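Remarks on the structure that follows.
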Amino acid sequence: MILPKSDFLKARDFILTNARMIERRLFEFHFVNGDMEGVFHAVYAYRNPDGGFGHGMEPDTASPESQPLFSIMALETLDEVGYLTKEMILNDFMPYFESITTEKGGIPWMFRPKSNYPCEEHFKTVKEWAALSTTAPLLGILEKYKIDIPWMKKAEQFVWSEFERIQDKHVFCYLCVPRWLTFLEHTKSRENAEKIIHSLKKWILNNGIIFEDKTDKGWGLYGKPHSLNYAHSSQSILYSLFTKETIESDLKELINRQKNDGRWDTWYGISEGTKLEWAGIQTLWVLKTLKNFNKIEKYI
Numbered sequence: 029m030i031l032p033k034s035d036f037l038k039a040r041d042f043i044l045t046n047a048r049m050i051e052r053r054l055f056e057f058h059f060v061n062g063d064m065e066g067v068f069h070a071v072y073a074y075r076n077p078d079g080g081f082g083h084g085m086e087p088d089t090a091s092p093e094s095q096p097l098f099s100i101m102a103l104e105t106l107d108e109v110g111y112l113t114k115e116m117i118l119n120d121f122m123p124y125f126e127s128i129t130t131e132k133g134g135i136p137w138m139f140r141p142k143s144n145y146p147c148e149e150h151f152k153t154v155k156e157w158a159a160l161s162t163t164a165p166l167l168g169i170l171e172k173y174k175i176d177i178p179w180m181k182k183a184e185q186f187v188w189s190e191f192e193r194i195q196d197k198h199v200f201c202y203l204c205v206p207r208w209l210t211f212l213e214h215t216k217s218r219e220n221a222e223k224i225i226h227s228l229k230k231w232i233l234n235n236g237i238i239f240e241d242k243t244d245k246g247w248g249l250y251g252k253p254h255s256l257n258y259a260h261s262s263q264s265i266l267y268s269l270f271t272k273e274t275i276e277s278d279l280k281e282l283i284n285r286q287k288n289d290g291r292w293d294t295w296y297g298i299s300e301g302t303k304l305e306w307a308g309i310q311t312l313w314v315l316k317t318l319k320n321f322n323k324i325e326k327y328i
């Protein structure tokens with residue numbers, strides 16, 4: 029089963045008329061003309077004078093304040109489109125990350141907002157200590173771009189200790205695991221990395237992490253992941269976990285879940301506007317995943 033051209037165009041139109049500029053530029057990059065400059069400018073619109081990224085780069089908060097997670101998202105997005113460089117990482121990103129590094133050597137996931145801008149309640153109670161799911165991808169990108177700076181030594185010690193500490197506690201989080209894999213793919217410590225990858229595979233398969241009830245509206249959303257959340261292409265490290273039948277079944281279900289207006293929906297959002305923004309994010313993610321598996325009818 030593939031996504032018909034007519035339904036792809038519906039998804040395109042939904043993104044172009046409802047999504048944020050960053051998703052519109054990413055859609056243009058992946059499906060139209062590969063323009064990296066547009067993505068760069070959309071990402072840097074969220075940048076603050078302190079070098080961090082804020083302004084609701086995740087739509088669950090309207091706060092302009094810089095957040096570690098949003099800064100990681102900016103880094104990942106520029107890497108995704110091939111715009112990132114070693115010099116950009118060192119000059120534009122690392123001063124901010126070094127300024128928020130904790131005594132343990134890692135960077136926090138989020139900070140509680142100091143402003144009274146609208147946000148989801150979980151932002152107001154977030155733990156501000158160092159986190160694996162921000163520190164690991166930062167280290168992974170530093171390794172990928174052949175960067176070697178003193179900051180990395182203690183950060184790497186923190187990451188390995190966190191893998192040991194949390195074990196399987198967060199494998200349900202399909203936003204966290206791919207960020208761990210960025211580090212595990214690029215770290216020079218291959219023996220340690222292979223051990224963790226082996227454990228990850230075991231945890232995902234043995235702990236009932238994969239949510240199989242396709243009648244549930246939350247299937248594929250936070251806390252209810254399917255195979256494609258962990259293996260978004262055949263090149264993914266965790267792709268071998270799943271049978272071809274499982275992948276095909278989940279791709280078919282994804283296609284079937286498209287709404288009449290072209291979107292793929294979520295339950296996220298603190299307003300009607302941010303619900304549309306989240307739908308734009310989800311729709312782009314689905315289209316990229318379908319493209320990775322050659323499941324979109326030729327559209328140009």
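For what it's worth, our numbering labels the leading residue of the sequence shown as 29, then goes sequentially.
Where a beta carbon is used, it is the ideal one built from N, C-alpha and C, also for glycine.
No experiment lies behind these values; they were computed from the predicted model shown.
Nearest neighbour of proline 141 by Cα position, chosen from Gly133, Thr130 and Thr153, turns out to be Thr153. In this structure, the CA atom of tryptophan 306 is about 8 Å from the CA atom of alanine 47. Taking a cut-off of 8 Å on C-beta distances, the segment 121-140 touches the segment 86-103, as three or more cross pairs fall below it.
Around threonine 89, the same chain offers Cys147 and Phe151 as residues with beta carbons nearer than 6 Å, after the five sequence neighbours per side are excluded. When C-beta atoms of the segment 307-320 are compared with those of the segment 270-277, fewer than three pairs fall below 8 Å, so the two segments do not count as touching. Here DSSP, grouped into helix, strand and coil, assigns proline 165 to helix.
Annotated three-state conformation of isoleucine 100 is helix, per DSSP.
Contact check for asparagine 320 against histidine 260 passes: the beta carbons are separated by less than 8 Å.
Short of 8 Å from the beta carbon of leucine 44, and not among the five residues preceding or following it, lie these beta carbons of its own chain, in chain order: Arg52 and Phe55.
DSSP places alanine 307 in the uninterrupted alpha helix (DSSP H) bounded by 300-320.
In chain order, Gly79 place their CB closer than 8 Å to the CB of proline 123, counting only its own chain and leaving out the 5 sequence neighbours on each side. In this structure, leucine 318 lies near leucine 282, with their beta-carbon atoms less than 8 Å apart. Glutamine 195 carries a coil assignment under DSSP once its states are collapsed to helix, strand and coil. In the structure shown, the three-state DSSP call for glutamine 185 is helix.
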